[in-house]
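In terms of this note's numbering, the sequence shown is residues 196 to 391.
Glycine residues also receive a C-beta, built at the ideal position from the N, C-alpha and C atoms.
Small disclaimer: the values here were computed from a predicted structure and weren't measured.
Remarks on the structure that follows.
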Amino acid sequence: MPRQIILVFTFFLFIFFPLGADSGGPSYKKTLKKWTHSDTVYRARDFHAEILLSATWLNDAVLNAQAAKYAQVYDVSDSEQDEFLGQLVKKRDDAVLFFVSFYHYDRHFDDLTDPQAKWDIRLEAGGGATGGGRDFRPLRMEKVNRPTPLERLFYPYLDSWSRGYYVWFPREASNYSSPHTLSVHGPFASSELVWK
Numbered sequence: 196m197p198r199q200i201i202l203v204f205t206f207f208l209f210i211f212f213p214l215g216a217d218s219g220g221p222s223y224k225k226t227l228k229k230w231t232h233s234d235t236v237y238r239a240r241d242f243h244a245e246i247l248l249s250a251t252w253l254n255d256a257v258l259n260a261q262a263a264k265y266a267q268v269y270d271v272s273d274s275e276q277d278e279f280l281g282q283l284v285k286k287r288d289d290a291v292l293f294f295v296s297f298y299h300y301d302r303h304f305d306d307l308t309d310p311q312a313k314w315d316i317r318l319e320a321g322g323g324a325t326g327g328g329r330d331f332r333p334l335r336m337e338k339v340n341r342p343t344p345l346e347r348l349f350y351p352y353l354d355s356w357s358r359g360y361y362v363w364f365p366r367e368a369s370n371y372s373s374p375h376t377l378s379v380h381g382p383f384a385s386s387e388l389v390w391k
């Protein structure tokens with residue numbers, strides 16, 4: 196009889212406290228969901244997707260969650276996790292950084308960094324219903340030609356049809372209160388993502 200009680204107790208222990216459960220804060224999936232927004236713009240004439248846009252604001256919460264995910268996947272020490280976080284912070288530099296996934300149906304004009312494509316990307320900070328916001332243009336943009344395995348892990352919405360970009364905006368944009376609106380405007384379609 197005592198052996199059966201131990202087995203039942205062990206069974207319930209594994210149900211309520213599974214092995215590998217992460218109790219050290221929110222999961223990467225939850226953090227990614229909170230700080231990532233997406234939009235799809237369809238053409239009126241045939242309902243094909245004109246634009247597929249997703250972006251993750253790479254703020255402190257996201258970078259810390261990425262470092263924790265890295266540590267979980269690669270089973271590294273705390274010091275290696277801190278070193279990886281330092282690399283992420285260094286990449287962000289003293290700026291507001293977004294990872295952007297962008298798709299446009301015309302492959303000749305689907306590159307946000309190509310001046311011929313005439314895409315305009317900007318970040319509006321503050322404003323809201325009361326106005327008083329300000330538009331910021333990117334300091335720089337870096338196209339991801341071949342996503343690394345880590346980029347695939349961190350940005351699961353990036354697929355083989357879309358292109359990835361890191362987009363840096365002036366640090367000053369973070370001094371404004373919400374909302375923050377990342378917008379992409381083109382000759383035939385526009386899209387906006389809003390963080391409130």
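**Study point:** Member of L307, Q311, T308, F331 whose CA lies at the smallest distance from the CA of L318
**Key:** For the purposes of this step, residue 318 is identified with residue 123 of the sequence shown, where counting begins at 1. Among L307, Q311, T308, F331, the Cα nearest to that of L318 is on F331.
Exercise for review: Using the Cα positions of P344 and Q311, report the straight-line distance between them to the nearest angstrom.
Suggested key: Taking the sequence shown and counting its residues from 1, one reaches residue 344 at position 149. Taking the sequence shown and counting its residues from 1, one reaches residue 311 at position 116. Distance between the alpha carbons of P344 and Q311 is about 30 Å.
Point to revise | Span separating the alpha-carbon of F279 from that of A262 | key: Counting from 1 along the sequence shown, the entry for residue 279 is found at position 84. Counting from 1 along the sequence shown, the entry for residue 262 is found at position 67. Each residue's Cα considered, the two are about 6 Å apart.
Point to revise | Buried versus exposed call for G359 [16 or more other C-beta atoms within 10 Å across all chains shown] | key: Position 164 of the sequence shown, counted from the first residue, corresponds to residue 359. Burial call: buried.
Check your understanding: In whole angstroms, what is the alpha-carbon distance linking S141 and G328?
Key -> Nothing about residue 141 can be reported from this structure: the residues present for the chain run from 196 to 391 only.
Point to revise | Length of the line joining the Cα atoms of K338 and E367 | key: By one-based count along the sequence shown, residue 338 stands at place 143. By one-based count along the sequence shown, residue 367 stands at place 172. Cα-Cα distance, rounded: 23 Å.
Point to revise | Cut-off 6 Å between Cβ atoms - residues of its own chain near M336, not counting five sequence neighbours on either side | key: In the sequence shown, residue 336 corresponds to position 141, counting from 1. The residues are T308, Y360, V362.
Review point. Can you tell which of W230, K224, K225, F242 has its C-alpha closest to the C-alpha of P374?
Key: Position 179 of the sequence shown, counted from the start, is the residue given in the question as residue 374. When only C-alpha atoms are compared, the closest one is W230.
Review point. What's the call for Y269, buried or exposed, on a 16-neighbour Cβ count within 10 Å?
Key: Counted from its first residue, the sequence shown places residue 269 at position 74. Classification for Y269: exposed.
**Study point:** Proximal residues to A266 (C-beta, below 6 Å), its chain only, five neighbours per side dropped
**Key:** Translated into positions along the sequence shown, residue 266 becomes position 71. So the list reads Q276, once near-sequence residues are dropped.
Practice item. Can you tell me which of S296, V379, S369, L377 puts its alpha carbon nearest to the alpha carbon of A405? Key: Because the chain here runs from 196 to 391, residue 405 falls outside it and cannot be looked at.
Review point. What are the start and end residues of each continuous alpha helix (DSSP H) run of 4 or more residues lying completely inside the region 309-375, in chain order?
Key: 344-349
**Study point:** Sequence-distant residues of the same chain with beta carbon closer than 7 Å to W356, five excluded per side
**Key:** Here residue 356 is taken as the residue at index 161 of the sequence shown, counted from 1. Around W356: Y298.
Point to revise | Which of helix, strand or coil DSSP assigns to S249 | key: As a position in the sequence shown, residue 249 is number 54, starting the count at 1. If DSSP states are grouped into helix, strand and coil, S249 belongs with the strands.
Review point. For H243, does the three-state DSSP call read helix, strand or coil?
Key: Walking along the sequence shown from the start, residue 243 turns up at place 48. Three-state DSSP puts H243 in coil, outside helix and strand.
**Study point:** Alpha carbon of F242 to alpha carbon of K391, nearest angstrom
**Key:** Locating residue 242 in the sequence shown gives position 47, where the first residue counts as 1. Locating residue 391 in the sequence shown gives position 196, where the first residue counts as 1. Going by the C-alpha atoms only, they are around 29 Å apart.
Practice item. Hey, could you find the ends of the beta strand (DSSP E) L403 is sitting in? Key: Outside the displayed range of the chain (196 to 391) lies residue 403, so it cannot be described from this structure.
Practice item. Measure how close the beta-carbons of Y352 and S296 come, nearest whole angstrom, since I'm counting them as under 8 Å. Key: Position 157 of the sequence shown, counted from the first residue, corresponds to residue 352. Position 101 of the sequence shown, counted from the first residue, corresponds to residue 296. 6 Å between Cβ atoms; contact.
Check your understanding: Any idea if A239 is buried or exposed, counting beta-carbon neighbours within 10 angstroms, 16 or more meaning buried?
Key -> For this step, residue 239 is matched to residue 44 along the sequence shown. Here A239 is exposed, its C-beta having fewer than 16 other C-beta atoms within 10 Å.
Exercise for review: Could you tell me which uninterrupted beta strand (DSSP E) segments, each at least 3 residues in length, are contained entirely in the region 266-294, listed from first to last along the chain?
Suggested key: Whole beta strand (DSSP E) segments, 3+ residues: zero.
Review point. For S249, does the count of other Cβ atoms within 10 angstroms reach 16, so buried, or fall short, so exposed?
Key: Here residue 249 is taken as the residue at index 54 of the sequence shown, counted from 1. When all chains shown are included, S249 counts as buried.
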